[in-house]
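Be aware that the sequence shown starts at 42, since it is given in the working numbering, and climbs by one per residue.
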Amino acid sequence: MSTDQFGLTGGDYVPDPGRETAALIDGFFEHVAATLRAHHLPAGLLAVMRARHAELESANARLIVDEPARHNLRITLALVAAYEALLPRLGREAALGAVRAALIEPLGAAVREGTRAMLDAAPDPFEAMVAVSKSREEHAFGKGFVFRRTADDDRRYLLDVHRCFYHDVLVANGAPELTPALCAFDRNWIEAIAPDRDGFRFDRVTTIGLGGTHCPFHFTRTGAGEAG
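Right under this line is the structure:
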């Protein structure tokens, strides 16, 4: 069975936000359902969350600035809907932890394995990773994010995110404390990078969700595994 469920190894990866978001949301609510069972909470709460999710999507439709934003809004508001229902029943820390786990864990292994497969198949892992980043910036994130590239050459790709659509949506819905969960989802692909093996490192010292002024996504060659 292929470990690359997202088609990353072809060298011409283009995200499919609709399909990927649907899989993420399905996995999210399935994980939340397991959380309800683990805490002996009514199974009917899941339907309440789903209904609330639909309400939130309608109420926040004005935030959709392009097609990627439509999908990013859906997953962000799924977190809000679940958090609202879990918060009074589990308390803040447990509710945050449950939402974070439901976002990260269902597709975590697939993202790590797909990223690792792509890097192993690439003649130049640094170049391949930068290409994926640029593709996702255009097709999966879009105008709801503000990107600034401070370096883009054969040795460094230094991307800074100065506006995060996820955070903006969460602030608008009174739940900015959920932003770090979305930041943490990136650990799934970050942890697949092996600097000694791939010839580059990734650095992200902070994020907007963690109180930073921007989110640095910095890819830098380390010397090993360089092209040419």
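A virtual CB, placed ideally from N, CA and C, is assigned to each residue, including glycine.
Next on the checklist: Checking 8 angstroms against the spacing of the C-beta atoms, do H259 and F243 come in under that value?
Outcome noted: Yes, they are a contact pair.
Checklist entry - Can you round the beta-carbon distance between F69 and L137 to whole angstroms, since I take them to be within the 8 angstroms contact cut? => result That pair is no contact at about 14 angstroms.
Checklist entry - Within the chosen definition, does the stretch 117–133 reach the stretch 167–187 through at least 3 CB pairs nearer than 8 angstroms? => result A contact is defined here as three or more CB-CB pairs under 8 angstroms, and the stretch 117–133 fails this definition with respect to the stretch 167–187.
Item to check | First through last residue of the beta strand (DSSP E) which encompasses R204 | outcome: 197–204 is the span of the beta strand (DSSP E), which, as asked, contains R204.
Item to check | Nonlocal neighbours in the same chain, by C-beta distance under 7 angstroms from H72, ignoring five residues either side | outcome: Within the same chain, H72 has close Cβ partners A142, A143, E146, P147.
Item to check | Beta-carbon proximity list for N101, same chain, < 8 angstroms, skipping 5 on both sides | outcome: Contacts found: L114, L118, V210, A213, N214.
Checklist entry - Quick one: what does DSSP say Y192 is sitting in, helix, strand or coil? => result It is worth fixing the name first, because residue 192 is Ala in this sequence and not Tyr. The answer is strand: DSSP assigns A192 an E or B state.
Checklist entry - Between the Cα of R60 and the Cα atoms of A74, H112, L104, which residue gives the shortest distance? => result Nearest C-alpha to R60: H112.
Next on the checklist: For A233, which residues in the same chain have their Cβ closer than 6 angstroms to its Cβ, ignoring the five residues on either side in sequence?
Outcome noted: Hits under 6 angstroms: R153, T156, R157.
Checklist entry - For the candidate residues L82, D237, N229, whose alpha-carbon lies nearest to that of T131? => result It should be pointed out that residue 131 corresponds to Leu in this sequence rather than to Thr. Each of L82, D237, N229 was checked against the Cα of L131, and the nearest Cα belongs to L82.
Item to check | Separation of C205 from R285, as counted between CA atoms | outcome: Because the chain in this structure spans residues 42 to 269, residue 285 falls outside the shown range and cannot be described.
Next on the checklist: Quick check: G185 and A110, are their CB atoms within less than 8 angstroms of each other?
Outcome noted: Their beta carbons are under 8 angstroms apart, which means G185 touches A110 by this criterion.
Next on the checklist: Using C-beta distances below 6 angstroms, list every residue in its chain close to V187, excluding the 5 sequence neighbours before and after it, in chain order.
Outcome noted: The beta carbon of V187 sits closer than 6 angstroms to the beta carbons of H203, R204 from its chain, once the five residues preceding and following it are set aside; these are given in chain order.
Item to check | H208 and V55 closer than 8 angstroms at C-beta | outcome: No, the pair does not count as a contact, with Cβ atoms beyond the cut-off.
Item to check | Element boundaries [alpha helix (DSSP H), containing P236] | outcome: According to the DSSP assignment, P236 belongs to the alpha helix (DSSP H) that extends over 236–239.
Next on the checklist: Check for me: the alpha helix (DSSP H) holding P166 runs from which residue to which?
Outcome noted: From DSSP, the alpha helix (DSSP H) with P166 extends over 166–177.
Item to check | Neighbourhood of I105 by C-beta distance below 8 angstroms, restricted to the same chain and skipping five residues each side | outcome: The residues are R111, L114.
Checklist entry - Of all the options R238, A75, L251, E178, which has the alpha carbon lying nearest to the alpha carbon of A139? => result Closest option to A139, Cα to Cα, is A75.
Item to check | Three-way DSSP call (helix, strand, coil) for P56 in this model | outcome: Secondary structure of P56 (DSSP, three-state): coil.
Checklist entry - Which of the three DSSP states, helix, strand or coil, is assigned to R262? => result DSSP places R262 within a strand segment (E or B) once states are collapsed to three.
Checklist entry - For the candidate residues F241, R238, L199, E134, whose alpha-carbon lies nearest to that of P257? => result Nearest option by C-alpha distance: L199.
Checklist entry - Going by DSSP, what residues sit across from P257 in a beta bridge? => result Within the DSSP secondary-structure output, P257 pairs in a beta bridge with D201.
Checklist entry - So what's D227 in DSSP terms, helix, strand or just coil? => result Secondary structure at D227: coil, using DSSP grouped into helix, strand and coil.
Checklist entry - Quick one: Cα of C19 to Cα of G252, how far? => result Outside the modelled stretch of the chain, which goes from 42 to 269, sits residue 19, for which no answer is possible.
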